[in-house]
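Everything in the sequence shown is counted per full-length UniProt numbering, starting at 1 for the first residue and increasing by one.
Ideal Cβ positions, reconstructed from N, Cα and C, are used throughout, including at glycine.
Everything below concerns the one structure shown next.
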Amino acid sequence: EKEFSGKKQQYYVIKMSIRNMQVMIPTGKILSSSIRPVTDILALKHIIHIFQHGESDRLLPWKQRHKVNTDKIKTGEIQEGAEVVRDLMRMKKEKALNTSDKKMLDNAHEFLISELGLIKGITENQIKSFC
Numbered sequence: 001e002k003e004f005s006g007k008k009q010q011y012y013v014i015k016m017s018i019r020n021m022q023v024m025i026p027t028g029k030i031l032s033s034s035i036r037p038v039t040d041i042l043a044l045k046h047i048i049h050i051f052q053h054g055e056s057d058r059l060l061p062w063k064q065r066h067k068v069n070t071d072k073i074k075t076g077e078i079q080e081g082a083e084v085v086r087d088l089m090r091m092k093k094e095k096a097l098n099t100s101d102k103k104m105l106d107n108a109h110e111f112l113i114s115e116l117g118l119i120k121g122i123t124e125n126q127i128k129s130f131c
């Protein structure tokens, strides 16, 4: 329970392993928030398949690709984030990434790995498949 703007409310406190962030959401607003449950092991297997075998659109101009990747990351969906990591890692193998793409890859990869660590039943090899 915490007081905010003169009102006492109960909050859910979500501690994020990444950057030691803490998010507080009023209990009455949790259903209307964009918070989603941690991905489960079955969904993870599909994500690993997409990560390893999914197609990358390499023909997009940088500006358009950057917008697509930014939009994917903003969804907060692990599969979308994994696709960004996959595509940028593939590009990095072919040529050096520009500063903006490097930063995006680092951030997306950090968020992906942090969520993977929360999935019950995940193996170390499954985590390494995203590295």
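For residue i, the first and last residue of its enclosing beta strand (DSSP E)
i    : result
E110 : Segment 99 to 116 is the alpha helix (DSSP H) holding E110; no beta strand (DSSP E) there.
V23  : 22 to 26
Same chain, Cβ closer than 8 Å to residue i, five either side skipped, listed in chain order
i    : result
I47  : T39, I78, Q79, A82
S100 : H66
M104 : H66, N69, T70, I73, V84, L88
G76  : S34, R36
K8   : E1, K2
Whole-angstrom distance between residue j and residue i, CA atom to CA atom
i    : j    : result
M91  : A108 : 15 Å
H53  : P26  : 40 Å
K95  : G28  : 49 Å
N20  : I50  : 29 Å
A43  : G6   : 42 Å
N125 : K93  : 21 Å
Q64  : R58  : 11 Å
Y11  : K45  : 33 Å
Residue i: first and last residue of the uninterrupted alpha helix (DSSP H) it sits in
i    : result
V13  : Here V13 belongs to no alpha helix (DSSP H); instead the beta strand (DSSP E) covers 11 to 15.
F51  : 41 to 53
I127 : 124 to 128
I78  : 78 to 94
R65  : 62 to 75
One or two residues paired with residue i in a DSSP bridge
i  : result
K2 : Q9
Near the ligand COA: residue i beta-carbon under 7 Å from a heavy atom
i   : result
L60 : This structure does not include the ligand COA; it has no bound ligands of any sort.
Sequence-distant residues of its chain with Cβ nearer than 6 Å to residue i (five each side left out)
i   : result
K23 : The displayed chain sequence assigns Val, not Lys, to residue 23. Same-chain partners within the cutoff: I14.
R86 : F51
S56 : D87, R90
Rounded Cβ spacing between residue i and residue j (contact assumed at less than 8 Å)
i    : j    : result
G121 : I41  : 4 Å
I113 : F130 : 7 Å
Cut-off 7 Å between Cβ atoms - residues of its own chain near residue i, not counting five sequence neighbours on either side
i    : result
E110 : I18
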